[in-house]
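Presented below is the structure to which this report refers.
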Amino acid sequence: MRLSRKHLIVTILSLVILATALFLGFPPLARHLAVQKISEATGRRTEIGRISLNPFTMTAAVVGFRLCEKGSSATFVSFSSARLSLSPLSLPKRAFIVREITLDSPYVHLVRSAPNRFNFSDLITEKKQEPNKKESYLFSLNNITLKRGQVLFQDDALKAPRIHRLRELTVTLPFISNVPYLADRYVTPHFSAFVNDTPVVLDGRLKPLSRAMETVVDLKVRALDLPYYLGYVPFPLPVRFDSGQLTSNLEASYRIDAKTGPEVLLSGSLSLDGIDLKETQGAPLSSLKHAGIAVTRAALLTKQFDLARLDLERLEVFASRDANGKWNFQKLSGAETEKPSEPPADKKPQEKNQPLLFRLAQLSLKDGSVHFQDALPKGGFRSDLSGIEFSASNFSTERDRQAPFDLTFATSHGEKLALKGQLSAEPLDVKAHLALIGIPLKDYYPYLADTLTTPVSGKLGLEADLAYNATKGFTLEKSSLKGENLAASFGNGEGILLKETLVSGIALDLNGRKAGVESVEFKGGNLSIGREADGSISAERLLKKETGTKPAPPPRAARKETTGAAAPKNAPFSYRVGKVSGSELGIRFTDRSKDEAPTFTLAKTRFSVASITGPRQGTIPFTLSTWYGKGGRLAAAGDLTPAPFKVKGKLELGGIPLRDFDAYIPEGTQIFLADGALDARLSYDLAQDKVAGLTGNFAGNLGVHSFYCLDTILDEDLLKWDSLQLDQVKGTLAPFSLAIQDVSLSNFYAKVTVERDGSLNLQHLSAEESKPATPTAQAPGAPPAKPASQARAASAPPQSPATPAQGSAPAAGPRPIRIDTVAVQGGTLDFSDRHLKTPFATTFYNLGGRVSGLSSETNRTADVDLRGNLENHSPLSITGKINPLRGDLFLDLKIAFTDIELSPFTPYSNTFLGYMIDKGKLNLDLAYKIDKKALTSSNKLFIDQFTFGKAVESDKATKLPVRLAVALLKDRKGEIHLDLPVVGQTDDPKFSVWGVVLQMLKNLLVKAATSPFALLGSLFGGGEDFSAIPFDPGSAHIGKPDEAKLLKLAKLLDERPALNLEISGFVDRERDAEGYRNELLVKKMKGEKFRAQVKEGKTRPGQTQDDTEILPQEYSTYLKAVYAKEKFPKPRNVLGIAKDLPDAEMRKLILTHTVVGENELQQLARERAEAVRNYLLKAGKLPPQRLFEKNADIYRASTKEGGTASRVEFGAMVK
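Each residue of the sequence shown is one higher than the last, beginning at 1 in full-length UniProt numbering.
Take a look at the structure:
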């Protein structure tokens, strides 16, 4: 026991002595050796203040350590003190256990002189890899502390050298051990410092030496200045990072296990503040006031990220595009930021990547803004998006997980956007409701400047349900578009304004290639449009004209087609519009292609069309109602099929003023529409046929009321009426047919004027007719320009219709037309003739009547009954039957026009006859029949008590004896009866009924002048010629037939007391001389017999020499008696006695020696005239004062064809 104590004491003393020796002697030695070895190892000067050792407490300390820079006395590494304390449990535990390690005020000066070159690079040597030793030593390092540390990092490798300072560095590590019972305990290290004045705190939990190594670090950084460290990015940045601070409070953990493999987890929060990014040239790019990220758990190696929040505050983005179309963000990639090329990786089988799992519980963006500037469009465009608020929650990349989101912002143009919906990342599926209001269209004009000449103004609003997924692609549903005061200018004060526009129920399916709109509605607005002189529409001026070929757009990248329920690639895009309607719309159309530039206005217009579909087009119902002008109405409704074209509907017009359409009267027409209104109510059913063209039918009523037009040349009324009405109109187009139940015209007025040049005012109504030309229509009494060559006397047989040329195509049949009734009432026809020296005017009143049963059927005729009055007292009546609608005109009319006062027609008689009309009345009884183009007519004229007044000088007056003609025609009662029948062919272009009548009247005058009694004979004497009485050669004896003619002449003269008779005798120089000899011989023979009878007393009572008759048996006796008394030399015998000669010889000798000279012929002519005169006095009982013998050239030949020279001619003269 004592020995044990002794041994113990010795041991203790030995230890004490040894400890004392170590405490006192070892530190200086250790200091010397440490300085020497460190200097040799580093090549740097080394300083150690002192080293202390306490064997009792098992503590060692180093004070005042400094390691200088190589070749310099500047400090490289230093610390004020370092202390190490071993644990007495090291021996029992058979482990190296350090109870405490403390380092105070460490200082490190680092210098980077070039990339990968530092002031400590010479200290780094490659170590040879030593084989792993199976033996492992247990250790436990406890209570490791570093305090008041400093690190000075001088970076001279940058273009602008920088110095980084780390101060107040504190590191604590409770322990680190591989002792089994300690290895599974967490080590909680702590790091804190000010890095360039930015506090950084790191706390963690570690199991670095356990079987399952685990490290947990809390990283806390506050306001780290990020731009200060960007120089260490290994490639040039495309942006300039002007400012930005990083603050973090993160927990990072690393764990590796043989079974589960490595795992890196991150959690905590991270924030960025004051981020300011600019382009390299200094233009702003983006800024961010604050970004905060709350990480719930992020497994970096397994790609699983759970974020609790992502908050962005005042994110500001600057987006711009230059004039070449390049965006500023494009500069962040490409050649300008090209990274060093990397060597191609070895081609190895690709391992299946771990799918990314990302979950974000809440995303928030507040007070964001975007500044957009576009220099590509002409004039540029700029817009600022402000107040951007975006939020999303529960976002996940897991399949079929929906994340609701909400986005709102406003723009500098007054727009406001709200987008709210749900988003699924896998598969990609977006559903959202968009509300965008206040889009100012005018502000976006730069993008339309290449297309439109002027901006479109107004505001648009859009609400839409948007959807997109990989199967169906992009779709749009239940969407609407609203416009306010949409307006565009066409120039010249014209344009369009739509106060309210609403497009509802918009649907779009791009993959399905279909679109739809439930309704399009326009409320209030005006459209002012015009047609220019060149025929273009003013609205075309809104579109710019292309001045050349535009460059082809750059090819677009091929878009990946979805493979869902998409329509075939070449399938036509189908669409449907449910309804398009408008109300309270005003429309104004100005036609500047007309000189008058007429304007048409519609007000309070309402319209609708429905069921517009395509490409297969169906039936489109439509309606229209509007007010036209100052009181007109227009309404339409029906169904329209665009292709093939078909339309069925109704049309109503009320009070449409025709005055507005005056400019559309054909150019050159001299009519001015002063008034008139169109009313119509029609139904129609039309269709386009490829062969027949437009087909269909129509029906309804229409009328024109208060019609009034003027003659612009004469500046006076031309035509007007109160009402023209067509009722129950029905018809078809192809084949054409027309049926009208009633046509009525009431209270109409028409003006017919003969101008000073003799033409009618109606001829001037059109440009062609208004050209100067010889008028074809003749005024009453004027001689016609050309006689109708085809006219002939009534007794001549009518010509047969012309035979059509062989081989000609048969004429098409008449189009079916039927007009049941045409009624006219209250008509007035105003006629005036101004080409007379004294103008003439008269008026027909009360024109009216009825035509019933008009039809194009060849076997039907219409009844005509028309009546009127000339100057309210001369009645006109037209009755009969007519069919003007069949292939050739049929007409059978009787016209009675009676009690026409002739004295008002004095202007005509003054001008063309040279006399005034004192009095007289005219009655017409006309009958016309046209059948198969053959005309037969009767023109009976009855003129009563027609009396000329005084003569009037007129250079247009005829030289024909009109007074004589009237005297010839007028009977004892003062009446003139004429019947002027006319026949002809209506298909003869030279034929004219009234031309024939006028020619016949002219012929009457000519015949009255040249052969008045031939005229009398043709008119009243059964066709006999009373112009002359023929005589046998040499005779003045009137034959029995001529005595009867003279009696008829006497009767005609007795009935025409105004006529006196002129009697003129004529002879034939040859035949009458010979005949006179024969007559003188017979007269001598009658004298011989008469004297013999007187001597014998055998004469009859009252017998004269002239009425003594020579009998045949007496001829020779009295011839000898005459021969014996002749004084001319006679043949004698030898005794000188006159020989007896045969009768023929005696007659010959007597005639040969009878002298007939001028006196004898003059006497013969007088005898003939006296013979006629005496007969008319005695037998005809004419008063002698009406008979006048007239001397004339007795040898004048007869003007009558076939007339004899031996005659008495009659002449007529007026008393």
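Don't be surprised by glycine CBs; every beta carbon is placed ideally from N, CA and C.
By Cβ distance below 6 angstroms, which residues in the same chain neighbour residue i in space, the five residues on each side in sequence not counted?
i, result
"phenylalanine 358", "Phe305, Thr397"
"serine 87", "Ile97, Arg99"
"lysine 919", "Ser903, Gln945, Thr947"
"phenylalanine 942", "Asn923, His977"
"alanine 637", "Thr623, Gly649, Lys650"
"alanine 82", "Val62, Leu103"
"leucine 889", "Ile930"
"serine 192", "Thr170, Val201"
"glycine 292", "Ser271, Asp311"
"leucine 719", "Cys709, Ala750"
How big is the Cα-Cα spacing for residue i and residue j?
i, j, result
"lysine 348", "arginine 162", "Note that lysine 348 has pLDDT 48, beneath the 50 cutoff, so the model's placement of it is unreliable and the number below is only indicative. Rounded to the nearest angstrom, the two C-alpha atoms are 43 angstroms apart."
"leucine 423", "lysine 545", "45 angstroms"
"proline 784", "alanine 1212", "Residue confidence is low: proline 784 scores 40 on pLDDT, short of 50, so the model does not pin down where it sits. No coordinate-derived value is stated."
"leucine 876", "aspartate 899", "9 angstroms"
"proline 814", "alanine 934", "19 angstroms"
"arginine 1186", "lysine 1084", "35 angstroms"
"glycine 458", "arginine 401", "41 angstroms"
"leucine 508", "leucine 502", "17 angstroms"
"arginine 1071", "proline 1033", "6 angstroms"
"proline 598", "proline 666", "15 angstroms"
"serine 737", "aspartate 715", "39 angstroms"
"lysine 1086", "aspartate 1106", "7 angstroms"
"proline 1129", "glutamate 1024", "50 angstroms"
Could you please give me the residues that DSSP links to residue i through a beta bridge?
i, result
"leucine 385", "Val370, Thr411"
"serine 391", "Ser364, Asp406"
"aspartate 711", "Ile671, Glu716"
"aspartate 218", "Asp203, Glu251"
"asparagine 701", "Arg681"
"asparagine 492", "Answer is none; asparagine 492 lacks a bridge partner."
Counting only C-beta atoms, is residue i closer than 7 angstroms to chain C at any point?
i, result
"valine 822", "Although the question refers to chain C, the structure presented lacks it and comprises just one protein chain."
Smallest Cα separation from residue i: which of the options?
i, options, result
"aspartate 639", "Pro106, Gly655, Gly43, Gln617", "Gln617"
"serine 519", "Phe905, Glu871, Ala571, Gly578", "Gly578"
"asparagine 469", "Glu426, Ala507, Ser504, Leu441", "Glu426"
"lysine 289", "Asp273, Gly387, Pro1041", "Asp273"
"leucine 760", "His835, Gly693, Asp689", "His835"
"serine 581", "Phe600, Ala597, Arg588, Ala610", "Ala610"
"alanine 692", "Asn1003, Thr732, Leu169, Ile656", "Thr732"
"glycine 880", "Leu866, His873, Lys37", "Leu866"
"isoleucine 819", "Gly827, Val729, Ile671, Phe56", "Val729"
Using three-state DSSP, classify residue i as helix, strand or coil.
i, result
"lysine 482", "strand"
"tyrosine 1195", "coil"
"glutamine 1162", "helix"
"phenylalanine 622", "strand"
"proline 227", "helix"
"phenylalanine 897", "strand"
"isoleucine 817", "strand"
"glutamine 1105", "coil"
"aspartate 988", "coil"
"asparagine 869", "strand"
"lysine 303", "coil"
"asparagine 1133", "coil"
Using C-beta distances below 8 angstroms, list every residue in its chain close to residue i, excluding the 5 sequence neighbours before and after it, in chain order.
i, result
"aspartate 971", "His977, Glu1055, Arg1056"
Grab me the residues of residue i's own chain with a C-beta within less than 7 angstroms of its C-beta, minus the 5 sequence neighbours each way, in chain order.
i, result
"leucine 870", "Thr842, Phe844, Leu876, Ile900"
"histidine 413", "Ser383, Pro440, Asp443"
"lysine 147", "Asp104, Thr170"
"asparagine 872", "Tyr845"
Within 6 angstroms: the Cβ of residue i and any heavy atom of the ligand NAP?
i, result
"phenylalanine 840", "With respect to small molecules bound, the structure shown includes none, and the ligand NAP cannot be examined in it."
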